[in-house]
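One structure is given below, encoded as structure tokens.
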Amino acid sequence: MALNCISMNRLFRILADIAIVLGGLVIYARFIEPRWLAIRRIRIPGLPGGERPIRIVHLTDLHASKYVPLSMIAHAVRETVQLKPDLICLTGDYITDYYEDWDAYSQTLRSLAECAPTFAVLGNHDGGPWAHAVGYGYETFDEVSNMLNAAGIRILRNESTRCEIAGRTLHLVGLGDTWSADCIPEQAWENEISSTEAIIVLSHNPDSKITLRPYPWHFMLCGHTHGGQVVFPGKYAPFAEITDRNFARGLCPYAGRLIYINSGVGNLQSWRFSCRPEIAEITL
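Offset between the sequence shown (1-based) and the numbering used here: plus 14.
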């Protein structure tokens with residue numbers, strides 16, 4: 015009888031310890047990691063067009079919502095400005111669903127355009143057929159586009175631009191979103207682009223790589239996946255909504271080129287585990 019009591023006491027202690035650990039993990043994943051912003055530094059060697067290094071800051075998936083307050087986005091903006099980049103690139107999903115405080119949002123992002131030339135593409139949550147069909151947002155991209163324009167940020171929607179950045183020529187190619195049936199590469203490459211100069215693609219969804227494979231480009235910046243948002247041991251990211259989960263986050267080689275998939279600043283439902291929100295500082 016005494017042995018049974020000791021065994022039961024040990025079992026209760028073990029269960030209590032497990033409950034404490036699980037409770038701690040839930041608190042961490044719900045309240046701590048989603049706001050624990052990381053700065054990732056990446057070097058991309060060998061791009062054509064000059065020897066002078068260029069520093070790009072890549073932000074994506076801000077997801078302004080009740081789970082991602084504007085104060086969190088403002089923190090990411092301040093961190094970006096402190097890095098003093100030569101170029102800033104944004105790759106979509108500025109909101110999660112319907113949004114209201116557009117003036118405050120554009121004012122928050124204005125600091126980016128005042129810091130460095132800033133270019134953006136749109137994501138699946140920013141409007142269009144997918145967002146409207148699933149009830150997540152607007153029928154068109156007008157609201158988000160107007161906000162970005164008011165912030166002084168140039169949107170590249172299936173178009174390219176040749177720009178001088180810190181004494182070096184770059185071609186930026188911006189694509190519409192794949193899920194929104196708005197990715198039209200033949201329009202983006204309508205004008206001939208010299209591959210002797212660095213060609214950088216901005217595309218929200220890394221799945222667009224398949225469509226873009228026949229076109230000339232050297233390096234692509236993407237978001238969409240949130241890095242998986244919840245990542246299990248072995249870098250298993252079951253919630254990354256892409257066809258090839260080898261492209262869930264980080265720097266990935268593809269067909270002799272490179273793609274960087276950023277884990278994003280915001281989130282959905284305020285959960286992150288083993289996948290901190292990030293700002294990417296990329297040196298070409």
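For every residue, glycine included, the Cβ atom is placed at its ideal position computed from N, Cα and C. Being a predicted model, the structure only gives us computed values, none of them experimental.
- Beyond the five residues adjoining it in sequence on each side, residue 199 comes within less than 7 Å, by CB distance, of 189, 225, 226 and 229 in the same chain, given in chain order.
- The alpha-carbon separation between residue 210 and residue 40 amounts to approximately 50 Å.
- Per DSSP, the unbroken beta strand (DSSP E) holding residue 273 starts and ends at 271–275.
- Distance from the CA atom of residue 149 to the CA atom of residue 235, rounded to whole angstroms, is 27 Å.
- Under the three-state reduction of DSSP, residue 45 is assigned to helix.
- Approximately 7 Å separates the beta-carbon atoms of residue 94 and residue 102; this is inside 8 Å, confirming the contact.
- Excluding sequence positions up to five before and after residue 219, its CB lies within less than 6 Å of the CB of 192 and 238, all in the same chain and listed in chain order.
- As computed with DSSP, residue 185 is found in a beta bridge with 176 and 213.
- When DSSP states are grouped into helix, strand and coil, residue 253 belongs to the coil group.
- Rounded to whole angstroms, the gap between the alpha carbons of residue 117 and residue 270 is 42 Å.
- Scanning 259, 170 and 290 for the CA closest to the CA of residue 44 turns up 290.
- Here the region 120–139 makes no contact with the region 200–208; the two share fewer than three CB pairs at distances below 8 Å.
- Taking 4 residues as the shortest admissible run, the region 104–131 contains the following complete alpha helix (DSSP H) segments, listed from N- to C-terminal end: 116–129.
- Using a 10 angstroms sphere on the CB of residue 257, the tally of other CB atoms stays under 16, which defines it as exposed.
- Residue 263 is classed as buried because its beta carbon has at least 16 other beta carbons within 10 Å across all chains shown.
- For residue 297, the enclosing beta strand (DSSP E) stretches over residues 292–297.
- Scanning its chain for C-beta atoms nearer than 6 Å, with the 5 sequence neighbours on each side dropped, one finds around residue 175 the residues 186, in chain order.
- Its chain contains 51, 73, 279 and 293 as the residues whose beta carbon lies nearer than 7 Å to that of residue 90, once the 5 sequence neighbours on both sides are disregarded; these appear in chain order.
- A buried status is given to residue 194, since no fewer than 16 other beta-carbon atoms sit within 10 Å of its beta-carbon.
- Here residue 166 carries a coil assignment [DSSP, helix/strand/coil].
- A direct Cα-to-Cα measurement between residue 114 and residue 152 gives close to 12 Å.
- The shortest C-alpha to C-alpha distance from residue 285 to any of 158, 77, 182 and 139 is the one to 77.
- Membership of residue 54 in the beta strand (DSSP E) is indicated by the continuous run 52–57.
- Our two residues, residue 126 and residue 255, have alpha carbons roughly 29 Å apart in a direct line.
- Under DSSP, no beta-bridge partner is assigned to residue 86.
- Residue 276 places its beta carbon 8 Å or farther from that of residue 243.
- Around the CB of residue 107, 16 or more other CB atoms lie within 10 Å, so the residue is classed as buried.
- In the three-state reduction of the DSSP assignment, residue 224 falls in the helix class, which pools H, G and I.
- Looking from the CA of residue 179, the closest CA among 124, 66 and 268 belongs to 66.
- Judged by beta-carbon spacing, residue 134 lies within the 8 Å limit of residue 104, meaning their Cβ atoms are closer than that value.
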